[in-house]
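Residue numbers (the working numbering): 13 to 167.
Every residue gets a Cβ at the ideal spot worked out from N, C-alpha and C, and that includes glycine.
A short write-up of the structure that comes next.
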């Protein structure tokens, strides 16, 4: 890419790179790291004509919901966060199994293609169910108000 003085590096993160939910610190930390890495890399390679973009999927029809709910229960169902873990697992299962709005993975693939084919790609592409509205609310609302919104399904 440097020799060609052109190209696009696409990193797939998550809306979880900018927003968080309880009992997901390990996941959110990895996505925050990918966001920072991509931002720094974008600054480093810009002078070589290389673009770096982040794809930030929201709720996509994958195994993520089941992996999340099972993981939360496996690690937190018997400790101090037992009640929270059970509520979070139930809410996650409900969102992924009963929600007809969860987006098809092909939407992520189409967005990656759009970023690659663009001569001036955006730095971030929120894609899929709830990605754009939650990222926007996270920017506009005070932290504690967003926290209340993010955990409202757990009460």
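Quick check: the Cα distance between residue i and residue j, rounded to an integer number of angstroms?
i: residue 117; j: residue 78; result: 16 Å
i: residue 48; j: residue 41; result: 11 Å
i: residue 86; j: residue 159; result: 24 Å
i: residue 52; j: residue 102; result: 37 Å
i: residue 57; j: residue 134; result: 15 Å
i: residue 127; j: residue 70; result: 17 Å
i: residue 44; j: residue 161; result: 20 Å
i: residue 50; j: residue 30; result: 13 Å
i: residue 12; j: residue 142; result: No answer is possible for residue 12: the residues shown for the chain start at 13 and end at 167.
i: residue 167; j: residue 105; result: 16 Å
Report the residue from the options whose alpha carbon sits nearest the alpha carbon of residue i.
i: residue 14; options: 129, 62, 155, 133; result: 62
i: residue 131; options: 164, 25, 50, 65; result: 65
i: residue 91; options: 154, 35, 23; result: 35
i: residue 81; options: 133, 97, 26; result: 97
i: residue 76; options: 107, 88, 58, 99; result: 107
Looking only at its chain, what residues have a beta carbon closer than 7 Å to the beta carbon of residue i, apart from the 5 residues adjacent to it on each side?
i: residue 39; result: 28
i: residue 17; result: 60, 61
Please look up how many angstroms separate the CB atoms of residue i and residue j, rounded, as I've assumed it's under 8 Å.
i: residue 24; j: residue 67; result: 5 Å
Identify, in the order they occur along the chain, each residue of the same chain with its Cβ nearer than 6 Å to the Cβ of residue i, setting aside the five sequence neighbours on each side.
i: residue 165; result: 103
Between residue i and the rest of its own chain, which residues show a CB-CB distance below 8 Å, the 5 nearest in sequence each way excluded?
i: residue 94; result: 88
i: residue 7; result: Since the first residue of the chain shown is 13 and the last is 167, residue 7 is not available in this structure.
i: residue 150; result: 30, 31, 158
For a minimum of 3 consecutive residues, which ranges assigned as the beta strand (DSSP E) are wholly contained in the region 48 to 104? 62 to 69
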